[in-house]
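Notes to accompany the following structure.
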Amino acid sequence: MDPTPISWRGLMVTKAMHQLLHSVSWGPLDVLFLDLPPGTGDVQLTINQEVVVDGAVVVTTPQDIALRDAVRGFGLFSRMDIPVLGMVRNMAFFACPQCGHQTRIFSHGEHHHHNSEDWGAVAECKRLGVDFLGDIPLDARVCEDADRGVPTVVSEESDDRSARRQAFLGVAEQVAKKVGLQW
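In terms of the numbering used here, the sequence shown opens at residue 4 and continues consecutively.
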């Protein structure tokens with residue numbers, strides 16, 4: 004593994020995104036999800052200039068600071084006339100692999116009430132008038148799947164009870180419907 008730090012700005016980011024979007028042989032696609040970092044918007048602006056963008060899904064984690072960053076993303080997409088299809092809360096809970104019990108291990112935000120699901124991302128979605136698309140659990144196997152290059156929904160095809168698989172499929176179904184694809 005090369006330990007040299009990478010610091011891309013402006014033109015380098017634009018060139019890399021152009022190459023990703025136009026030089027990779029994606030095959031036939033209905034949807035292409037790009038996991039983008041929060042930040043200055045260079046990547047988002049480049050993508051919007053290079054391809055037709057039907058919508059954005061904003062992803063946050065339970066921490067207030069992450070949610071604040073995510074909400075800023077709404078403003079960026081709004082300025083670019085890109086509809087926000089909804090928000091997903093990543094690392095929302097840990098699901099016990101034996102019994103499936105869900106434990107919320109991260110900050111619930113400053114306005115969280117223990118008996119209410121109406122906190123953080125859900126409350127912000129209501130305030131902003133967008134759909135909350137779901138919670139994705141925190142699980143090391145998602146990282147292991149990614150390292151092997153296998154999507155979680157594929158690696159767990161035989162396990163219909165998998166919290167991870169169900170979470171990803173639930174979000175995918177909602178996004179598909181929002182962009183007019185049959186599920």
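Beta carbons are placed, not taken as given, at the ideal position from N, Cα and C, and that holds for glycine.
It should be emphasised that the depicted structure is a prediction, and the values quoted were computed from it without experimental measurement.
Item to complete: Determine the extent of the alpha helix (DSSP H) in which Asp67 is found, giving its start and end residues.
Response: First-last of the alpha helix (DSSP H) with Asp67: 67–82.
Fill in: Contacts around Glu176, its chain only, beta-carbon distance under 7 Å, and the 5 residues preceding and following it disregarded
Counting only Cβ-Cβ distances below 7 Å, and skipping sequence neighbours, we find Trp186.
Discussion item. DSSP three-state label for Met4, please.
Written reply: DSSP, read as helix, strand or coil, puts Met4 in coil.
Fill in: Chain-order list of residues whose beta-carbon lies under 8 Å from that of Leu184 (same chain, five-residue window excluded)
Answer for Leu184: Asp33, Val34, listed in chain order.
Worksheet item: Tell me the DSSP bridge mates of Leu141?
Response: BP columns for Leu141 point to Phe97.
Worksheet entry | Terminal residues of the alpha helix (DSSP H) in which Val174 lies | 166–181
Item to complete: Give the C-beta separation of Asp138 and Phe109 to the nearest angstrom, bearing in mind that I take them to be a contact with Cβ-Cβ under 8 Å.
Response: Between Phe109 and Asp138 the Cβ distance is about 11 Å, and since that is not below 8 Å, they are no contact.
Item to complete: Under the assumption that Leu172 contacts Val182 (Cβ atoms under 8 Å), give the Cβ distance between them as a whole number of angstroms.
Response: That belief does not hold up - the Cβ atoms of Leu172 and Val182 are roughly 16 Å apart, past 8 Å.
Worksheet entry | Continuous beta strand (DSSP E) stretch holding Gly89: start and end | 87–92
Practice prompt. Output the distance between the C-alpha atoms of Phe36 and Gly123, rounded to the nearest integer angstrom.
Written response: Cα to Cα, Phe36 sits roughly 24 Å from Gly123.
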